[in-house]
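Just so you know, the sequences run in chain order A and B.
Residue 85 in numbering that gives the first Met the number 0 is what sits at position 86 of the first sequence, and the numbering runs on without skipping anything.
Residue 96 in numbering that gives the first Met the number 0 is what sits at position 97 of the second sequence, and the numbering runs on without skipping anything.
In this text, a Cβ means the ideal position worked out from N, Cα and C, and glycines have one as well.
Please read the structure below before turning to the comments.
Number of protein chains: 2
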Amino acid sequence: MKRKSELRTVRPTNAELNILRMLWRLGPSTVRSVHEELSRVDRNLGYTTVLKFLQIMLDKGLVKREDSQRAHVYRPAVSREQTQRQLTRQLIDGAFDGSRSQLVLQALSGADVVRPEELAEIRALLDRLQGAQNN
Amino acid sequence: MKRKSELRTVRPTNAELNILRMLWRLGPSTVRSVHEELSRVDRNLGYTTVLKFLQIMLDKGLVKREDSQRAHVYRPAVSREQTQRQLTRQLIDGAFDGSRSQLVLQALSGADVVRPEELAEIRALLDRLQGAQNN
DNA sequence: CCGAGTATACGAAGAGATTCGTTAGGACAT
DNA sequence: ATGTCCTAACGAATCTCTTCGTATACTCGG
């Protein structure tokens with residue numbers, strides 16, 4: 000069976016997200032590479048399990064693959080940012096009644112350390128938002 | 000069967016989260032009330048489906064119930080804030096490589112409108128964070 | 001050519017999530 | 001007492017997620 004029509008991007012499951020994280024970090028990779036990397040975190044995770052997931056994800060359109068070589072090479076078909084947006088939106092809708100800023104408050108209030116550059120970046124965004132609203 | 004030992008709070012599933020949202024909004028409610036409210040959003044959602052979920056959630060420790068009346072009254076056993084913390088942490092770990100501020104940036108950058116009070120609150124938090132780090 | 005090693009493909013088991021149909025019991029008006 | 005209406009309880013079907021075992025096929029050194 001070939002991949003489905005995918006009008007919208009499919010939400011990755013937890014296990015799929017673990018694999019996507021690796022692909023985003025490693026770039027195009029064989030099943031073996033992904034498996035080895037994942038094994039660092041999760042010992043006893045089978046090779047064929049990872050293979051199966053990549054096949055499923057290919058079918059869902061979450062990854063692409065180059066199969067001209069014997070060992071197929073997989074790469075993400077969705078960007079990290081796109082996925083972050085998607086999941087963040089779902090969290091906001093599901094648990095924060097649609098309020099972005101409530102999520103921001105929640106995330107910040109739990110922080111103990113934030114790098115200065117990030118603080119600055121956040122402030123810059125706030126300034127832009129405020130500017131946009133005052134005009 | 001009575002509820003399990005629950006050392007840690009169980010992660011609510013999507014469907015369970017929908018019901019929790021209603022309970023947080025409505026306060027203690029009968030199955031019927033919850034069902035009616037949910038029906039506004041999701042037509043064709045069976046009454047016994049909601050009932051079943053509430054029973055499952057009772058078993059998981061996500062809700063409590065008062066069954067002295069014929070129509071049992073359910074209320075949340077987990078707070079909205081607690082659940083928001085839990086889910087936010089999972090999102091941060093799963094999709095943002097553990098970086099809180101990256102989530103904040105993501106959430107803010109998608110925003111078009113943020114209420115002034117919230118902006119102020121966010122700034123206040125930023126100030127506190129910055130102060131804590133400079134000392 | 002053959003066997004060891006490494007790949008993919010496939011199917012299926014087991015757990016969890018979601019959704020109801022059906023059953024049975026209480027309340028109450030007739 | 002009986003039928004109607006509401007309620008909870010239960011079991012089960014279906015779907016999705018997660019994980020492998022097994023089969024099969026390619027590659028390369030001897």
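Exercise for review: Pick helix, strand or coil for A/S98, following the three-state DSSP scheme.
Suggested key: coil
Check your understanding: Does A/R99 have its Cβ less than 8 Å from a Cβ in chain B?
Key -> yes
Point to revise | Delimiting residues of the alpha helix (DSSP H) encompassing A/R62 | key: Residue identity check: residue 62 of chain A is Val in the sequence provided, not Arg. Counting along the chain, A/V62 falls outside any alpha helix (DSSP H), though it belongs to the beta strand (DSSP E) covering V62 to E65.
**Study point:** For B/L25 and B/L37, the rounded distance between their alpha carbons
**Key:** Cα-Cα distance, rounded: 11 Å.
Check your understanding: Is A/P115 buried or exposed, if buried means 16 or more other CB atoms sit within 10 Å of its CB?
Key -> exposed
Review point. In chain A, which residues lie with their C-beta within 7 Å of the C-beta of B/R122?
Key: L125
Point to revise | Separation of A/N13 from A/M21, as counted between CA atoms | key: Between the alpha carbons of A/M21 and A/N13 lies a gap of roughly 13 Å.
Practice item. Under 8 Å Cβ to Cβ from A/L44, same chain only, skipping five residues before and after it: list those, please. Key: H34, L37 and S38
Practice item. Rounded to whole angstroms, what's the CA-CA distance from A/S108 to A/Q54? Just pull it up for me. Key: 40 Å
Exercise for review: Could you work out which residues of chain B lie near A/V113, taking near to mean beta carbons separated by less than 8 Å?
Suggested key: R99, S100, L128 and Q132
Check your understanding: Do A/Q68 and B/Q83 come within 8 Å of each other at the CB atom, strictly closer than that value?
Key -> no
Point to revise | Chain-ordered neighbours of B/S67 on chain A, where CB pairs are closer than 8 Å | key: Ordered by position in chain A, no residue passes the 8 Å Cβ test against B/S67, which lies about 31 Å from the chain.
Exercise for review: Measuring alpha carbon to alpha carbon, tell me which of B/V112, B/L90 and B/V113 ends up nearest A/R79.
Suggested key: The residue with the shortest Cα to Cα distance from A/R79 is B/L90.
**Study point:** Neighbourhood of B/K59 by C-beta distance below 6 Å, restricted to the same chain and skipping five residues each side
**Key:** Taking C-beta separations shorter than 6 Å and ignoring five residues to either side along the sequence, the partners of B/K59 in its chain run V9, following chain order.
Review point. Taking the beta strand (DSSP E) that A/R39 falls in, what are its first and last residues?
Key: Premise fails: A/R39 lies in the alpha helix (DSSP H), V30 to V40, not in any beta strand (DSSP E).
Review point. Just to confirm, are A/R74 and A/P11 a CB contact at a threshold of 8 Å?
Key: no
Exercise for review: Can you give me the Cβ contacts of B/R99 inside the same chain, cut-off strictly under 8 Å, excluding the 5 residues immediately before and after it?
Suggested key: Excluding sequence neighbours, B/R99 sits near I91.
Review point. Going along chain B, which residues have a C-beta under 7 Å from A/Q83?
Key: A94, F95 and Q105
Check your understanding: Among A/V62, A/E117 and A/V103, which one has its Cα closest to the Cα of B/L118?
Key -> Proximity to B/L118 across A/V62, A/E117 and A/V103 peaks at A/V103, based on C-alpha coordinates.
Check your understanding: Which whole-angstrom value is the C-beta distance of A/M56 and A/V62, which I expect to be below 8 Å?
Key -> Yes, A/M56 and A/V62 are in contact; Cβ-Cβ is about 5 Å, under 8 Å.
**Study point:** DSSP three-state assignment for A/V49, whether helix, strand or coil
**Key:** helix
Exercise for review: Between the Cα of A/H71 and those of A/R7, A/R31 and A/D126, spot the shortest distance and give me the residue it belongs to.
Suggested key: A/R31
Review point. Where B/V113 and B/D126 are concerned, what is the direct C-alpha to C-alpha distance, given to the nearest angstrom?
Key: 19 Å
Check your understanding: Where do the N-terminal and C-terminal ends of the alpha helix (DSSP H) with B/R135 fall, by residue?
Key -> Absent from the structure is residue 135 of chain B, since the part of chain B shown begins at 0 and ends at 134.
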